[in-house]
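In my numbering, the protein residues as written are 10 to 140. Take a look at the structure set out below.
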């Protein structure tokens with residue numbers, strides 16, 4: 010009886026359609042649980058370095074003096090820790106597949122363009138001056 014069941018399963022498997030998609034010939038479908046990759050809005054980044062400190066893979070590097078934010082795509086494990094800890098919410102997770110990168114092109118560096126706004130000057134009484 011065991012051989013009959015095995016032959017039945019083998020024939021059923023051979024005659025059925027494949028369980029996998031032929032990616033990239035057919036594009037994959039993104040689910041709501043798919044993460045994608047990390048994207049930064051450099052106009053909002055304040056160079057606090059919280060994302061760099063929280064990253065378990067040490068894939069991020071924030072340089073305050075050079076005003077750069079660098080991510081190593083090959084080290085990033087897409088854990089979402091940097092996004093959760095960002096105080097100004099300049100990091101997001103973009104939900105689409107990205108192509109593979111080579112070892113020498115895994116680093117992406119962005120120049121931070123955030124300009125810190127000036128604080129309003131105070132009067133002699135200690136209250137903010139009116140504009």
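All C-beta atoms in this analysis are idealised placements derived from N, C-alpha and C, irrespective of residue type, glycine included.
CB of residue i within 7 Å of CB of residue j, strictly
i: residue 94; j: residue 59; result: yes
i: residue 99; j: residue 50; result: yes
i: residue 115; j: residue 81; result: yes
i: residue 91; j: residue 79; result: no
DSSP beta-bridge partners of residue i
i: residue 1; result: Because the chain is modelled from 10 through 140, residue 1 falls outside the range shown and cannot be assessed.
i: residue 46; result: 103
i: residue 70; result: 79
Residue closest to residue i, alpha-carbon to alpha-carbon, out of the options
i: residue 111; options: 83, 42 and 77; result: 83
i: residue 77; options: 16, 119 and 28; result: 119
i: residue 42; options: 11, 105 and 14; result: 105
Residues near residue i by beta carbon distance below 7 Å, same chain, minus five either side
i: residue 62; result: none
i: residue 89; result: 44 and 102
Own chain, CB closer than 6 Å to residue i, minus 5 neighbours either side, in chain order
i: residue 97; result: 53 and 55
i: residue 122; result: 51 and 52
Cβ shell of residue i (< 8 Å), same chain only, five flanking positions each side left out
i: residue 46; result: 82, 85, 87, 102, 103 and 107
i: residue 125; result: 55
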